[in-house]
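Protein chains in written order, with the working numbering: chain A, 70 to 434; chain B, 70 to 434; chain C, 68 to 393; chain D, 68 to 393.
Glycine included, C-beta positions come from ideal geometry on N, C-alpha and C.
Below is one structure, written out as structure tokens; the observations come after it.
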Amino acid sequence: MASRRVNQDLPVIARFEVRHRNYVSPDGSITRPLPASASDANLLIALYRAMVLLRLFDKKAVALQRTGRLGTYAVSLGQEAVSVGIASAMREEDVLLPSYRDNGALLWRGVKLEEILLFWGGDERGNRFSGPPHDFPFCVPVGSQAPHAAGVAYALKLRKEPRVAVCLFGDGATSKGDVYEAMNFAGVHKLPVVFVVTNNQWAISVPLRLQTGCETLAQKAIAAGFTGEQVDGSDVVAMRAAAEEAIRAARDGKGPRFIEAVTYRLGDHTTSDDAARYRPAEEVQAHWKKEPIARLRAYLVAQKMWSKADEEQLAAECHERVEVAAERYLATVPRLPETMFDHLYAELPEVYAAQRREVAGGHDA
Amino acid sequence: MASRRVNQDLPVIARFEVRHRNYVSPDGSITRPLPASASDANLLIALYRAMVLLRLFDKKAVALQRTGRLGTYAVSLGQEAVSVGIASAMREEDVLLPSYRDNGALLWRGVKLEEILLFWGGDERGNRFSGPPHDFPFCVPVGSQAPHAAGVAYALKLRKEPRVAVCLFGDGATSKGDVYEAMNFAGVHKLPVVFVVTNNQWAISVPLRLQTGCETLAQKAIAAGFTGEQVDGSDVVAMRAAAEEAIRAARDGKGPRFIEAVTYRLGDHTTSDDAARYRPAEEVQAHWKKEPIARLRAYLVAQKMWSKADEEQLAAECHERVEVAAERYLATVPRLPETMFDHLYAELPEVYAAQRREVAGGHDA
Amino acid sequence: MPEATLVEAINLALARAMEDDPDVVVLGEDVGVNGGVFRATAGLQKRFGPERVLDTPLAELLISGLCVGMAAQGMKPVGEIQFMGFIYPCLDQLVNHASRLRNRTQGRLTCPMVLRTPHGAGIRAPEHHSESTEAMLAHIPGLRVVMPSSPERAYGLLLAAVRDPDPVVFLEPTRLYRAAKGEVEDNGEALPLDTAFVLREGRDLTLISWGAMLKETMAAAEALSAEGIAAEVIDLATLKPYDEDTVLGSVAKTGRCVIVHEAARTGGFGAEIAATIAERRLSSLLAPVTRVTGYDTVVPMARLEQYYMPSLGRIMTAARRVCQFS
Amino acid sequence: MPEATLVEAINLALARAMEDDPDVVVLGEDVGVNGGVFRATAGLQKRFGPERVLDTPLAELLISGLCVGMAAQGMKPVGEIQFMGFIYPCLDQLVNHASRLRNRTQGRLTCPMVLRTPHGAGIRAPEHHSESTEAMLAHIPGLRVVMPSSPERAYGLLLAAVRDPDPVVFLEPTRLYRAAKGEVEDNGEALPLDTAFVLREGRDLTLISWGAMLKETMAAAEALSAEGIAAEVIDLATLKPYDEDTVLGSVAKTGRCVIVHEAARTGGFGAEIAATIAERRLSSLLAPVTRVTGYDTVVPMARLEQYYMPSLGRIMTAARRVCQFS
Ligand SMILES: Cc1ncc(C[n+]2csc(CCOP(=O)(O)OP(=O)(O)O)c2C)c(N)n1
Ligand SMILES: Cc1ncc(C[n+]2csc(CCOP(=O)(O)OP(=O)(O)O)c2C)c(N)n1
Ligand SMILES: [Mg+2]
Ligand SMILES: [Mg+2]
């Protein structure tokens, strides 16, 4: 166990600890008494379905990218339990601030598959999505959404609305001052916000040990004056329970929480990346044994909540949804070029109107 | 005692603690066995002299400012023990990265009084000082020197030089991402750097409780993966001992350390500030009882290391030094205006040379 | 009408905006009990409470990022950056988020925030307290950049900035905070955010400036008139978007133009104006468009800063040269 | 001479600089084992070790601040920012420290660092990956800003940047990383950091550009020559300081000038050049100096980015108009 002790003779004035949460082990067996939410079979099945859909969707997106019909894309392979588990514990009126890899959360919250494709296909309309209208779009500049989450939470608190901001980012993001500043502020005002780090061990090619000297990422919350917990991020039951608890505490005015979800990125960083260049196949192989979908399936099957037939039906359903979404995406007519000026300001200042006209006039240029 | 425990049933995977260091109590009595350095009477007297000089110098600087002969100035009143104690534990070849209020450290390291006046008098030549040539100048953008300290320490480590970077900043600075990013990096590479926060309870008018929700600032180091210690920053014996230990550890390759020096800013933030606007006189009064100079004097007198005569002689000496420095400062002829282009680049590009000529030609403009 | 200094006018506008709209919040370092290091927010916390007038931790990136988050949820945050030299940590939030939130979500989320900061040198302040890098901001699409030069305009433009549905950086000429006095009626009336102010009409020469440099520019116009030169003086006031029509109209009339700004010359916003005039009114020009600016060096500290800033003498020299050109 | 792409030329220059000088270190995100997301640092870690080729945590402010600290102690750090859209957190360090460390310490401490970053749109990358905000940087006194447009110039200019005793921001045209190929001799020879390159001589019209837009600009010159117009093409290459003499000399000869850049028009660096020409060569001008630029809006994502960037067609239209002007 990690611990730092020096000057044993000086009096201790503060103590901190980090706890770890896991319920379902990689083989589907139970490691400790299950949380209340796990007794809801419908919920478990919904979580399972969401993860399966996400994985299939990712596959399709990569296929589209490989055939030149989609831009750079980031899959969730291996870490589906994190964003699905977190989103499942949110209410519609809560506010999601996702990172670029949090498709799972967006889908759970009602964003359409084709909208996500539109975004990664290079069309801003993908951000004007069917999810909750107050949710934030994917954030690409790593960690820069964390201060927004603090601002959202401050607004919610000021207006005395019982809503919670939920901010997701990666292990790499924990190195950004943005995240630290936001968490520190949330700590000052006991804001209704939950920060979640998807610790998938890698930031592109940079391994966690070069990202920080910390034993856990959960302990980063200590510097912000609140509680951090480490969760088995490949155990969706644990993710759901941790999220539920943290979001409830935040909603009840108990202040912010930090969740470190320890998982693994089984795929390349994005379609532009080749992870084989920097990490050994054995490491990836080893982590395949812990991945969240097989794990939950093993549990569900053991509990007789899920059958082979269910699986086949789900696969067919997901396939259908994904194919339909891809078709809709591919059929979406590009915006007119001059619309690049739309929504720049509430009203385009006259001084830029000529530029808009130039674009409009030069469609064939 | 601060502590954060939730989910008592989950296993603990990491524990941390913060310790506190103090030897000499406000009345000069001893609270615990003294460190080795305190047996060196010459050292204690040197520390005392440095603090007295600093206080007198500050007074003179404020007088100069009030009479329009100096710019904005930040006194160290009440917190002299921090920068003096820290600097006293450094070697000449170590690298100091001070904040704008760390006059005490600069003076200890050989910067001349008149050079400090020159800087606050608005003349860049004050930064080309007689202290160690590798030391950094005062840093005004709060916290922005911390990444430099990490960079310096990385260079020292890479070159295998047994030198240490020492970076000073205020409690306000701990809210800046700059400081966090730098500390996190130092933690990754176990760099030879010591970060010191002078926690004087206030960042201009912002009290510590609005700066952070943390119980201690020392715990900020936990997020960077190394040890933080809280020190009574008005006890110069404790400051010196903590600094010695931390610098030695850093020099010995044991990685970075973080010192929280808890003290109090008895004066206004700067000569532009009026602290009476935002904090009660009683609070200030209460802290006068703990201030570092009276405290060390009480100890020295009790130990018969210091007499009234010594005190009088020191006062006269300091007065003389300060007056001479002020005269030298006031006698310094301003730079020629066109020198504003000197040292902009190693060699001024021809394209800007005309501007320099314009300034040179328009001295009376 | 009561007299107010520029900083008092700012204070009036903030109070009025907060009074009118409960969504307006003020945040920054020392804006609360202390009322801001320049007293721009004096009294606001007492009046509107510590939740709406919030002392933030010392973190500029945070201040700007909080504004984006609050604004996206429909509040109207007014952040303060204590000096322009500390605005750079906000640039990521300004460029990558505030200025494009509306565009990248196609109107779904918007960012009605204001970031105020003192601008410019001339108050003998320490290092890094004398910045005038408005040109960096004026290059960012989706942002508005505004700089008043009198108490009335400070009042009206700040009200407009707060009410504007898009992000505005509001630069306040430090040198004028107390030096500029004028009648300000606290009538809640905003000024337009895309219209330059013609402070003085003239047919011989157009002088264009903004912020504190208007002081020397107006003095130059006065002195020129004694020499028989009638200078038109334009206070650009809004740099992004800026009022091309007024600028081009004036130059079409006078054929001669001097632009005055405190920022370093290279890449200063004067370049944009000069380039536009040269592009759109070349045939009207009777003399080269001339820039009188701060120099391409670091703003020196107090002892030399007066030599850095455009002086009345430098403006006069340029104006005479432009007028004599043929 | 061997052929190299632009990104290979960068790699050669880095290796050469590290070979020549043990004080040169390379740092950034993914620059180590991975060799950089564009492979600019491929093989360097293997060759020079993980201490001199350092994968930093994901923190751009940190990267720039580390460079300042290292440089002040006499090292020659070369930091990489993965895309220009992520350079904004570095601005505080660039403006407040790197660019003025020498000046504010009157030569006692210096800052010989390089910050490299891919520049510009056109590779169908995600949001925030298409920035071209070089004008912000070129406004900062004490900094150098350099942008090559061919493999040879990338090699020679990067070597010069690393050897230069002052901070240099080195912008690499992403669109040309692999598209631009040319002969590069790895001879360790640096190019000057204040000299523009005349890529093509002509007497009818001066075309000025930098970085990736040189591609369309050269194509335009070619096409114009078929129409009987001899265009001189200048690759500015160093934006700060820039080579006024070559620019002014060319315009004095041709009397007509079109400036092409990818960045948004307002406050783009083209404004500075146009303003300078208008100020210093007004009487040589036979037509308005015209800018062909990106638009004053957020660079759109992949589906529309081609309409944002100056096209050959837009350059031709502007060039013809300028040539026909009288
Ligand atoms: C501020 C910033 N710097 C660099 C990048 C380029 N980049 C994109 S993703 C990434 C790694 C992110 O790692 P992590 O935070 O662990 O998230 P993950 O990709 O593993 O989900 C980098 C460096 C970026 N998007 N934003
Ligand atoms: C980045 C930055 N923001 C704001 C300021 C203005 N300012 C100067 S000192 C100060 C308070 C600093 O407080 P602290 O860090 O506690 O140091 P202290 O003054 O108490 O020594 C502020 C806000 C600054 N210098 N730098
Ligand atoms: Mg990761
Ligand atoms: Mg303080």
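Other residues of its chain near residue i: CB distance less than 7 Å, five sequence neighbours each side excluded
i	result
P208/C	S166
F105/C	V74, P185 and Y244
R73/A	Summary for R73/A: the model assigns pLDDT 49, below 50, so the residue's position carries little reliability; its value from the coordinates is reported in the next sentence. Taken in chain order, the list of residues that qualify is empty.
M308/A	A150, V151, G154, I155, V300, G302 and A330
A434/B	Here the model assigns A434/B a pLDDT of 40, short of 50, so the residue's position is not dependable, and the following value carries that caveat. Around A434/B: no qualifying Cβ.
R118/B	L383
Residue i CB to nearest heavy atom of ligand 2 below 8 Å
i	result
F338/B	The identity of residue 338/B in the sequence shown is His, whereas the question assumes Phe. Yes - ligand 2 has a heavy atom lying nearer than 8 Å to the Cβ of H338/B.
R232/A	no
D343/B	no
Q149/C	yes
I97/C	A small correction: the amino acid at residue 97/C is Asp; Ile does not occupy that position in the sequence shown. Indeed, a heavy atom of ligand 2 lies less than 8 Å from the Cβ.
Anticipated Cβ contact below 8 Å, residue i with residue j, distance rounded
i	j	result
L251/B	A287/B	Looking at the sequence shown, residue 251/B is not Leu but Ala. Between A287/B and A251/B the Cβ distance is about 17 Å, and since that is not below 8 Å, they are no contact.
L266/C	M285/C	6 Å
R323/D	L353/D	6 Å
C134/D	L182/D	7 Å
K129/B	V391/B	5 Å
E313/A	S106/A	6 Å
D363/C	A331/C	5 Å
L315/C	I344/C	7 Å
Proximal residues to residue i (C-beta, below 6 Å), its chain only, five neighbours per side dropped
i	result
Q134/B	Y142 and T340
A71/A	No answer about A71/A holds up, because its pLDDT of 46 lies below 50 and its placement is not dependable.
V251/C	A71, A76, P218, E219 and Y222
Proximity test, residue i beta-carbon vs ligand 1 heavy atom, cut-off 8 Å
i	result
E198/D	no
V211/A	yes
S152/A	no
P156/D	yes
L125/D	yes
K289/B	no
H164/C	no
A107/D	no
Y421/A	no
8 Å Cβ shell around residue i - same chain, five flanking residues per side excluded
i	result
G294/B	N253, G256 and V257
V186/C	It is His, not Val, that sits at residue 186/C in the sequence shown. Contacts found: M151, E198, S199, E201, M214, L238, E239, P240, T241, G278 and A279.
A318/B	G324 and R326
M383/D	A287, A290 and L291
L379/C	E283, A286, A287 and A290
Within the structure, which residues are defined as neighbours of ligand 4 by a Cβ-heavy atom distance below 7 Å, reported in chain order?
G239/B, D240/B, G241/B, T267/B, N268/B, N269/B, Q270/B, W271/B, A272/B and R334/B
Indicate whether the contact test is met: 3 or more Cβ pairs, each with one atom in the stretch 119–133 of chain A and one in the stretch 379–395 of chain A, closer than 8 Å.
yes
Is the stretch 151–161 of chain D touching the stretch 271–280 of chain B in the sense that three or more CB pairs, one from each, lie closer than 8 Å?
no
Are at least three pairs of beta-carbons, each pair with one atom in the stretch 189–204 of chain A and one in the stretch 157–171 of chain A, less than 8 Å apart?
yes
Cβ pair count under 8 Å reaching 3, the stretch 253–263 of chain C against the stretch 214–230 of chain C:
yes
Touch test, the stretch 351–359 of chain B against the stretch 109–120 of chain B, Cβ-Cβ under 8 Å, three pairs minimum
no
Would you check if the stretch 168–175 of chain C and the stretch 297–308 of chain D touch, i.e. whether three or more CB-CB distances between them fall below 8 Å?
no
Given 8 Å as the limit, is there contact between the stretch 85–99 of chain C and the stretch 135–144 of chain C, that is, 3 or more CB pairs closer than that?
yes
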